[in-house]
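Visitor:
Protein chains: 2
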Amino acid sequence: MNCHPTACGDGGCRSCMVRLVSVCASLTDDELALLESLAHPTHFASGATLFTQGREAHSVYNVTAGVVRLYKLLSDGRRQVVGFALPGDFLGLAMRDAYGFSADAIGDVAVCAFARGAYTALVDAKPHLLKRLHEFATHELTLAHEQMMLLGRRTAEEKLICFLLGMQQRWARLGKPSVTVPLPMTRQDIADFLGLTIETVSRTFTRLAREKTILIVPGGVRVMNAARMSAVAA
Amino acid sequence: MNCHPTACGDGGCRSCMVRLVSVCASLTDDELALLESLAHPTHFASGATLFTQGREAHSVYNVTAGVVRLYKLLSDGRRQVVGFALPGDFLGLAMRDAYGFSADAIGDVAVCAFARGAYTALVDAKPHLLKRLHEFATHELTLAHEQMMLLGRRTAEEKLICFLLGMQQRWARLGKPSVTVPLPMTRQDIADFLGLTIETVSRTFTRLAREKTILIVPGGVRVMNAARMSAVAA
DNA sequence: CCGCCGATTTGATCCAGATCAATGCGCCCT
DNA sequence: AGGGCGCATTGATCTGGATCAAATCGGCGG
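Residue numbers (full-length UniProt numbering), protein chains in the order written: chain A, 1 to 234; chain B, 1 to 234.
Here is the structure:
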């Protein structure tokens, strides 16, 4: 399901850069051709909204480039970021008729969009696609349980360290292993993901940098003391 | 997948009391017969362990009676309850080779157990069972997102009220609609579910009771001011 | 009926992280 | 180069919920 020019060579889905890590990895060549005919490659500028919590779910998406912020709002404006979608991630697992959360672009984002009806029909017709989707959902659920542990029982420093190691691992699985962790989201986004305030996030980053656990660089942080960080994450 | 005598009449799965709300609702009569041959009806006494986080996942379970506490532990003993499984709930969505959390019985519990291999084979052979499982996983994921919002951004009072309303709704969906919400779990379990301490849970209950929002009764609470509670849950 | 033990409630005090309040720093636009 | 505007950092203070510490309750075995 990854067919945007940004992510593809000339071969469409078949040469999609994120195909092997996405839900599409399970499809045969002819299924991929069918899929490609249903895909709407779309681009969102920085800050643009992909969809809004509570609105009717007309499309599902596969992220092919960029990072997407997923969040829920309370009526008084309190915000909880429920995740950051990276290339290869699928948005459309946790929705019935209405979107259960909002999604907007952090930096420029490319996706493959699929009309809900076509997506549902395809899933019904292709059991191994459904199996793959279910594996994704299962993995998401495991991550959600870990996030509950983090939100409910970890200190601010632990939260931040777990977040950094988690992002590092996710980028590594996408083929970008590095001691420098890109953080395209704002401090406020990180705070809303970890259940903290922006000030606490900022102070904790500063403290970790002062004690040389990390080095803060433009657009991210460099892991300087992975051993200590892994120990804290336990 | 609900075949324990406690939940059944004489007809096995077909007359299972929780079948219509469980994953088995999608199966035909002959599929149900097949399922019944694979099911191991099992009983757990209060406090018994169904399975432990990190151990190899040998079985999946469908709860037919009682309540199960699902939780993760940190090495230093901090605990996060990730959920309470009620009759009809399926335990086996969020696991790969090893259990991602521990589960133990709150009061006496009856389940249908299925060997992992047989379960996997059955799911591969029956796409509409997979579809049903995927719907369950999707629903779980939505609940997990709501729990993240609750853990990250809600106050102690809001947490408790959302918890009570959520439990009330879950019992209602199981055919037990009532203003009295049964709470078979301990205060410590509730605290570990909501990311609070037992003292804060106790004090908040007492305060809600003092202002006549709830009435504390043996084994649960009675909702006295549903309007105010719904308003707080927003 | 009594004594015990774990669960719960209640009280006093503490503190991690929130809130309130300035600055500081890039970066784009002119 | 200057100036304005988000974002981020830093500092001072406050507070919701944690922690420490007793009671009190309730069920069960003897």
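The beta-carbon is built from N, C-alpha and C at its ideal position, and this holds for glycine as well.
Got a sec? Which residues, its chain only, sit under 8 Å from R55 (chain A) by beta carbon, not counting five neighbours each side?
Guide: If we look at R55 (chain A) and ignore the five residues flanking it on each side, its Cβ neighbours are A98, Y99.
Visitor: State buried or exposed for I161 (chain B), treating a residue as buried only when at least 16 other CB atoms are found within 10 Å of its CB.
Guide: Burial call: buried.
Visitor: Determine, for E140 (chain B), whether the minimum Cβ-Cβ distance to residues of chain A falls below 8 Å.
Guide: Yes, E140 (chain B) counts as interfacial toward chain A.
Visitor: Counting only beta-carbon separations shorter than 8 Å, does L151 (chain B) have a partner in chain A?
Guide: Yes - at least one Cβ of chain A is within 8 Å of the one on L151 (chain B).
Visitor: At least one CB of chain B closer than 8 Å to the CB of A231 (chain A): is that the case?
Guide: No, its Cβ sits nowhere closer than 8 Å to a Cβ of chain B.
Visitor: If you draw a straight line from the alpha carbon of D192 (chain B) to that of R79 (chain B), how long is it in whole angstroms?
Guide: Taking the straight line joining both Cα atoms gives about 6 Å.
Visitor: Could you compute how far the alpha carbon of A137 (chain B) sits from the alpha carbon of V63 (chain B)?
Guide: In a straight line, the C-alpha of A137 (chain B) is about 16 Å away from that of V63 (chain B).
Visitor: In the DSSP output, what is V181 (chain A) paired with across the bridge?
Guide: Bridge partners of V181 (chain A): A:V221.
Visitor: Exposed or buried, what is A115 (chain A) when buried is set at 16 or more other beta-carbons lying within 10 Å of its beta-carbon?
Guide: Looking at its Cβ environment, which holds fewer than 16 other Cβ atoms inside 10 Å, A115 (chain A) is exposed.
Visitor: Indicate the three-state DSSP secondary structure (helix, strand or coil) for K72 (chain B) in the structure shown.
Guide: Three-state DSSP puts K72 (chain B) in a strand.
Visitor: Where does R14 (chain A) sit, in a helix, a strand or coil, going by DSSP?
Guide: Three-state result, R14 (chain A): helix.
Visitor: Compute the Euclidean distance between the alpha carbons of Q169 (chain A) and P177 (chain A), then round it to the nearest angstrom.
Guide: Rounded to the nearest angstrom, the two C-alpha atoms are 8 Å apart.
Visitor: Could you check how far apart the C-beta atoms of L50 (chain B) and D89 (chain B) are, in whole angstroms? I think they sit under 8 Å.
Guide: 12 Å between Cβ atoms; not a contact.
Visitor: Candidates A:L143, A:A226, A:V82, A:P87: which alpha carbon is nearest residue 242 (chain A)'s?
Guide: Lying outside 1 to 234, the shown extent of chain A, residue 242 (chain A) is not represented and no answer is given.
Visitor: Can you look up R203 (chain A) in the DSSP assignment and give me helix, strand or coil?
Guide: R203 (chain A): helix per DSSP, three-state reduction.
Visitor: Compare the C-beta of L130 (chain A) against all C-beta atoms of chain B and say whether one is closer than 8 Å.
Guide: Yes, because at least one Cβ of chain B sits closer than 8 Å to the Cβ of L130 (chain A).
Visitor: Reducing DSSP to helix, strand and coil, say where N2 (chain A) ends up.
Guide: Here the model assigns N2 (chain A) a pLDDT of 45, short of 50, so the residue's position is not dependable and the matter cannot be decided.
Visitor: Please return the same chain residues whose Cβ sits closer than 7 Å to the Cβ of T42 (chain B), not counting the five positions on each side in sequence.
Guide: Excluding residues within five positions, the ones whose Cβ falls inside 7 Å are V111, A113.
Visitor: How would you write the range of the beta strand (DSSP E) that F193 (chain A) sits in, first residue to last?
Guide: That residue, F193 (chain A), is in no beta strand (DSSP E); its alpha helix (DSSP H) goes 187 to 194.
Visitor: I'd like to know whether the C-beta atoms of L133 (chain A) and H134 (chain B) end up nearer to each other than 8 Å.
Guide: Yes. Within cutoff.
Visitor: Can you check the region 43 to 99 of chain B for any beta strand (DSSP E) of at least 3 residues that lies completely inside it and give the ranges in chain order?
Guide: Whole beta strand (DSSP E) segments, 3+ residues: 49 to 51, 59 to 73, 79 to 85.
Visitor: Does any C-beta atom of chain A lie closer than 8 Å to the C-beta of G195 (chain B)?
Guide: So, interface residue.
Visitor: Should M17 (chain A) be flagged as near chain B, meaning a C-beta pair shorter than 8 Å?
Guide: Taking Cβ atoms only, chain B never reaches closer than 8 Å to M17 (chain A), which makes this a no.
Visitor: Using a Cβ-Cβ cutoff of less than 7 Å, which residues in the same chain neighbour P182 (chain B) once the five nearest sequence positions on both sides are dropped?
Guide: W171, G219, G220.
Visitor: Among A:V81, A:A125, A:V82, A:A65, which residue has its Cα nearest to the Cα of G107 (chain A)?
Guide: Comparing Cα-Cα distances from G107 (chain A) to each of A:V81, A:A125, A:V82, A:A65, the minimum goes to A:A65.
Visitor: Any idea what DSSP makes of I216 (chain A), helix, strand or coil?
Guide: In this structure, I216 (chain A) counts as strand in the three-state DSSP scheme.
Visitor: Would you report the Cα separation of G92 (chain A) and I190 (chain A), rounded to the nearest angstrom?
Guide: Looking at the two C-alpha atoms, the distance is approximately 23 Å.
Visitor: In the DSSP assignment, what are the bridge partners of P41 (chain B)?
Guide: Its beta-bridge partners are B:C112.
Visitor: Starting from the C-beta of V23 (chain A), find all residues in its chain whose C-beta is less than 8 Å away, skip the five residues before and the five after it, and write them out in chain order.
Guide: Closer than 8 Å at the Cβ level, and outside the excluded window around V23 (chain A), lie M1, N62, F90, L129, R132, L133, F136.
Visitor: Whole angstroms are fine: how far does the CA of A33 (chain B) sit from the CA of T28 (chain A)?
Guide: If I take the Cα positions, the gap works out to 34 Å.
Visitor: List the DSSP bridge partners of A105 (chain A).
Guide: Paired residue(s): A:V68.
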